[in-house]
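Participant:
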Amino acid sequence: MPSSTPSVGSLPRGFIPVMLTPFQETGAVDLATLAQLTEFYIEAGAAGLFANCLSSEMYELTEAERLAVTKLVVDQTAGRVPVVATGTFGGPIAQQADFVKRIYDTGVQAVIVITSLIADADESDVVFLERMHELIALTENIPLGFYECPVPYKRLISSEILKDLMPTGRLIYHKDTCLDDAEVARRIAVGAGYQFGLYDAYMVNAVSSLRAGAAGLSCIQGNEFPELVVWLANNYNNSARQDDVRRVQQFFVDCMDLVHTAYPTIAKYTLQKRGLPISLYTRRDVDPLMPALQRDMDALIETANQLQLELGIESVFVGKLIG
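The following block contains the structure:
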């Protein structure tokens, strides 16, 4: 069931997964399986959902598909958890603002801004801030968030940039990829007192970021082992479970390279093994899922199952979530 932890601003604390997009073998979006996948995340304890993101293969979706995928997720959740979704895909700021409005009209809680699509790699933070203020002015009172997406390039949003934008009152979510404990702490401090939550994207930093005051986690491992991500988000500060916290944190450190290989295909493979009728079809150009990689993933799934058993975590069997 969804996490019952208290909220940070307009979004809840906990795990907000970066959702996959299932496809049929023909390459068409598989909305029926997406509905089942949505139930899987919620049943595993997700506090919210991030639809139409990089893990969703957002750059390989058409505008109509981006809207349809997001609307399906919003409708399937039926208000049980909030949904956020990407709304910026390049071009003039006025054009990006228009699509922000269209995504928001699907019913999402906030629209996510891809930081590297607001300014080019050779453009300054001054340019970035000018365009962000323009985007904010053109999008009425729509709540926004940032994602420091690595594609087309990674543009980090410093605590100084956040300090400039926080008084607008419009930023409620930040998917952080800086991998810098000190900077994470600074960003959290800048957001204190605002309806703002930082969600770390990298599980190697999970415990340190949560202890620094992060609102939660938005990581790709949640597409394979969401129950363990939720457990860590709920127990990182539990004094009676610190040995177990270290075990779960180390599990995610150890599997980091594997889960990023042939992604998102490897995540879809894992979900197949867990009972979801999802095709391995992936529109992104990624490494093939070779037999040796499958064997490594099979072993990791067994390790995760044993860890969950020892921790008393009930696994979600995806195949039974929707009749």
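Whatever position you read off the sequence shown (first residue = 1), add 989 for our numbering. Each residue gets a CB set at the ideal place from its N, CA and C atoms; glycine is no exception.
Sorted by chain position, which residues of the same chain lie with C-beta nearer than 7 Å to ALA1086's C-beta, five sequence neighbours on each side aside?
Facilitator: Non-local beta-carbon contacts of ALA1086 in its own chain, meaning distances under 7 Å to residues more than five positions away in sequence, involve LEU1124, LEU1127, THR1128 in chain order.
Participant: From GLN1261 to THR1250, what does the alpha carbon distance come to, in whole angstroms?
Facilitator: Each residue's Cα considered, the two are about 17 Å apart.
Participant: Roughly how many angstroms separate the alpha carbons of ARG1235 and VAL1218, rounded to a whole number?
Facilitator: Between ARG1235 and VAL1218, the C-alpha separation is close to 13 Å.
Participant: Could you pull out every residue in the same chain whose Cβ sits closer than 8 Å to the Cβ of ALA1035, ignoring the five residues on either side in sequence?
Facilitator: Same-chain partners within the cutoff: PRO991, SER992, GLY1003, PHE1004, ILE1005, PRO1006, VAL1070, GLY1211, PRO1215, VAL1219.
Participant: For CYS1138, tell me which candidate among GLU1119, ILE1150, GLU1046 has the shortest Cα-Cα distance.
Facilitator: Nearest neighbour of CYS1138 by Cα position, chosen from GLU1119, ILE1150, GLU1046, turns out to be GLU1046.
Participant: Given a cut-off of 9 Å, decide if GLY1205 and TYR1183 are closer than it, judged by their beta-carbon atoms.
Facilitator: Contact: no.
Participant: With DSSP as the reference, label PRO1156 as helix, strand or coil.
Facilitator: helix
Participant: Mapping the DSSP letters down to three states, classify ILE1125 as helix, strand or coil.
Facilitator: Looking at ILE1125 - three-state DSSP - the assignment turns out to be helix.
Participant: Tell me which same chain residues have a C-beta within less than 8 Å of the C-beta of MET1155, skipping the five on either side of it?
Facilitator: VAL1179, GLY1180, TYR1183, PHE1185
Participant: If I'm right that VAL1102 touches PHE1135 with Cβ under 8 Å, what's the distance once you round it to whole angstroms?
Facilitator: 6 Å
Participant: THR1066 lies in the alpha helix (DSSP H); which residues open and close that run?
Facilitator: 1052–1066
Participant: According to DSSP, is ASP1165 helix, strand or coil?
Facilitator: strand
Participant: If you reduce the DSSP assignment to three classes, tell me which class PRO1001 lands in.
Facilitator: strand
Participant: May I ask you to report which of helix, strand or coil DSSP gives VAL1100?
Facilitator: strand
Participant: In terms of DSSP beta bridges, what is GLY1205 paired with?
Facilitator: GLY1003, TYR1188
Participant: Could you check how far apart the C-beta atoms of LYS1143 and THR1166 are, in whole angstroms? I think they sit under 8 Å.
Facilitator: Cβ-Cβ separation between LYS1143 and THR1166: approximately 7 Å, consistent with a contact (criterion under 8 Å).
Participant: What is the DSSP secondary structure of LEU1043, reduced to helix, strand or coil?
Facilitator: In the displayed model, LEU1043 falls within coil according to three-state DSSP, outside both helix and strand.
Participant: Per DSSP, what kind of secondary structure is ALA1017 in: helix, strand or coil?
Facilitator: Here ALA1017 sits in coil by DSSP.
Participant: Quick one: what does DSSP say PHE1135 is sitting in, helix, strand or coil?
Facilitator: When DSSP states are grouped into helix, strand and coil, PHE1135 belongs to the strand group.
Participant: Select from LEU1296, TYR1270, ILE1290 the residue whose C-alpha is nearest the C-alpha of GLU1326.
Facilitator: Residue 1326 is absent from the structure shown; the chain starts at 990 and stops at 1312.
Participant: Go through its chain and collect everything with a Cβ distance to PRO1141's Cβ below 7 Å, but skip five positions before and after it.
Facilitator: SER1105
Participant: Please list the terminal residues of the continuous beta strand (DSSP E) segment that includes THR1010.
Facilitator: Note, THR1010: premise wrong, no beta strand (DSSP E); not H, not E.
Participant: Does DSSP classify GLY1312 as helix, strand or coil?
Facilitator: The pLDDT assigned to GLY1312 is 45, lower than 50, so where the model puts this residue is not dependable; a value taken from the coordinates is nonetheless given after this. In this structure, GLY1312 counts as coil in the three-state DSSP scheme.
Participant: Does THR994 come out as helix, strand or coil in the three-state DSSP assignment?
Facilitator: Confidence is the limiting factor: at THR994 the pLDDT is only 38, short of 50, which leaves the residue's position unreliable, though a coordinate-based value still follows. Three-state DSSP puts THR994 in coil, outside helix and strand.
Participant: Whole angstroms are fine: how far does the CA of GLY1080 sit from the CA of ILE1302?
Facilitator: 46 Å
Participant: Report the three-state DSSP secondary structure of THR1022 (helix, strand or coil).
Facilitator: Helix at THR1022.
Participant: With respect to the alpha helix (DSSP H) encompassing VAL1237, which residues constitute its N-terminal and C-terminal limits?
Facilitator: Run containing VAL1237: 1231–1243, per the alpha helix (DSSP H) assignment.
Participant: For SER1044, tell me which candidate among ASP1064, PRO1011, LEU1061 has the shortest Cα-Cα distance.
Facilitator: PRO1011
Participant: Please name the residue, chosen from ALA1281, ASP1274, PRO1253, PRO1280, that lies closest to SER1268 on a Cα-to-Cα basis.
Facilitator: PRO1253
Participant: Which first and last residues belong to the beta strand (DSSP E) in which VAL1073 is found?
Facilitator: 1072–1075
Participant: So, under 8 Å CB-CB, PRO1266 and THR1022 are touching, yes? Tell me the CB distance rounded to an integer number of Å.
Facilitator: 6 Å
Participant: Within the same chain, show all residues whose beta-carbon is closer than 6 Å to that of ALA1074, passing over the 5 residues directly before and after it, in chain order.
Facilitator: ALA1040, ASN1041, THR1059, ILE1092, VAL1097
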